[in-house]
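Here is the structure we will look at, set down as structure tokens.
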Amino acid sequence: KASTQFPCSELFSFACASTSTCVWANSKVVNAFVSSAAGCATVNSPVQLSPSAVVKALCQSTTGTCDTTSWQSASTTTSVMIATSTLAVSPTVSISAPSTIGACDSLTLDISGSSGNGGRPWLSRSIQVETAATANVSDLQHFLTHKYQASPPTAIPAALLSKGFAYNFVVKLCNFLNKCSQSSKSVLPLDRTLPTVSLPGAALRTTSRSSALTIGSDAFIAPCGSTAQVRSGLAYSWTVSTGGAVLISATSISKDPSKFVLAPYSLDVGKVYDVLLKVTIAATAQSASAAVQVFVQPGSIFAAVALGTSRTVQVEEKLTIDASSSYDEDQVGVTGQRAGLVYSWSCAQVQPMFSDSCSSAFTMTSGFANVQTFVMEAKTDAADAVVQVTLTVFDASFARSAESVITVTVLPSLSPVVTVSSNVPSTGIFNRNRELQLTG
1 KASTQFPCSE LFSFACASTS TCVWANSKVV NAFVSSAAGC ATVNSPVQLS
51 PSAVVKALCQ STTGTCDTTS WQSASTTTSV MIATSTLAVS PTVSISAPST
101 IGACDSLTLD ISGSSGNGGR PWLSRSIQVE TAATANVSDL QHFLTHKYQA
151 SPPTAIPAAL LSKGFAYNFV VKLCNFLNKC SQSSKSVLPL DRTLPTVSLP
201 GAALRTTSRS SALTIGSDAF IAPCGSTAQV RSGLAYSWTV STGGAVLISA
251 TSISKDPSKF VLAPYSLDVG KVYDVLLKVT IAATAQSASA AVQVFVQPGS
301 IFAAVALGTS RTVQVEEKLT IDASSSYDED QVGVTGQRAG LVYSWSCAQV
351 QPMFSDSCSS AFTMTSGFAN VQTFVMEAKT DAADAVVQVT LTVFDASFAR
401 SAESVITVTV LPSLSPVVTV SSNVPSTGIF NRNRELQLTG
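Each step along the sequence shown adds one to the number in UniProt numbering, with nothing skipped, and position 364 is 364.
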């Protein structure tokens, strides 16, 4: 029966069929929701009909009944391979590691910030190392192939890294849909003691203009002959730049120097910024650095309607819908048309009969285009009519928009009209330790 769920093992045979759910999408298509547990069917896994399954052609009789006893059933021995989806998403490989390390430092390649595994273990993972022809990397490659673990990341011993040679680590990840991506990271071991510096997370990060930007760091000194990690005696310096120009105003508001926190509205939408951390050993002035890129994506438009989206009005009375508090997340301190927002209104009657306009129940006293407040007056014979007013708010370039639907019910002349207001700001965000005030 279409749309009825059933265990896939009733119809199919594949790995984990008994713990997977199937549903008929139509008479020809069955959707299978395969368990994500280890060892279950994935791309290139075989699937066939269950030995007990009986699948025959659909009855095409106009009466809806057919004698199917002599009809041949589909083969239960034919096997096909599961193909990858044409819409499969490729992984995004992120490598967090310092660009330089000191003479006695081990190296940690952290790929935990990678994404695109679809909530399952990676189908395959490989790390290849490249360096100058005069350096022997066979022991290092053996370590990466046979001993490296991704979570938590296994530190590469300093003894496997020759000083003065730049190593290029190429990480390739494939997800369960057999989509693969790779990324690389170059690391230079030096013959002097340096702080080890990393910025855990993706190399390219996304934020919005209205959000605070927070970037954490991990920095320490690994003294030769010791497994200890010394985190004292370090000086931190953060810089933000775009297009090669340093932003003097982009200073951290964090009291912890190892953490960079930039106040909201400090960055411009659509730009890519380079955030660089330089850590210096106070006693020796030796330093190392790490950097990430930050892309500032456009914020959202919010259509804010005063007094809520469910309104009532008596016949022969005017109703005003005020949307002047609508706002753009990328603008600070301004709302409505002062923020460059453009308004569009429409109205449709939904009761007692449908109409794509409200003209039979209301007289419009304001325009439909680019007005912050929409005003209409209920007609004398409009009692019990229900209309829906749709507000669409655009940014100045019409690239972003938001919509709100206000339902208006017309009451007889003697009926009470109730409105409720609150002290909740137009953002809809309300602190739990604040007193909520409702006014009716």
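We put the CB at the ideal spot given by N, CA and C, even for glycine.
- Assignment of Q297 by DSSP, reduced to helix, strand and coil, places it in the strand class.
- Taking a 10 Å sphere around the C-beta of S217, we find 16 or more other C-beta atoms and assign the residue as buried.
- Contact annotation: A212 and L262 have beta-carbon atoms nearer than 9 Å.
- A contact between stretches requires three or more CB pairs, one per stretch, nearer than 8 Å, and the segment 388 to 397 meets this requirement with the segment 338 to 345.
- The beta carbons of E316 and S249 sit about 57 Å from each other, so the pair does not count as a contact at 8 Å.
- Taken through DSSP and simplified to helix, strand or coil, R192 comes out as coil.
- Listed in chain order, the beta strand (DSSP E) runs fully inside the segment 339 to 372 are 342 to 351 and 362 to 364, counting runs of at least 3 residues.
- Under the three-state reduction of DSSP, E10 is assigned to helix.
- The Cβ neighbour count for C8, taken over all protein chains shown within 10 Å, is at least 16; the residue is labelled buried.
- Annotated as distal: C22 and C40, with beta-carbon spacing of 9 Å or more.
- Each of F165, D110, S90 and K318 was checked against the Cα of T380, and the nearest Cα belongs to K318.
- For A235, the CB contacts under 6 Å within the same chain, skipping 5 residues up- and downstream, are T280 and A282 in chain order.
- Put simply, of V240, D105 and A402 the residue whose alpha carbon is nearest the alpha carbon of G225 is D105.
- Q128 and P152 have their C-alpha atoms spaced approximately 19 Å apart.
- A361 is classed as buried because its beta carbon has at least 16 other beta carbons within 10 Å across all chains shown.
- In terms of Cβ geometry, T242 and I321 do not form a close pair [threshold 9 Å].
- Within the segment 115 to 164, the complete beta strand (DSSP E) segments at least 3 residues long are 124 to 130, listed from N- to C-terminus.
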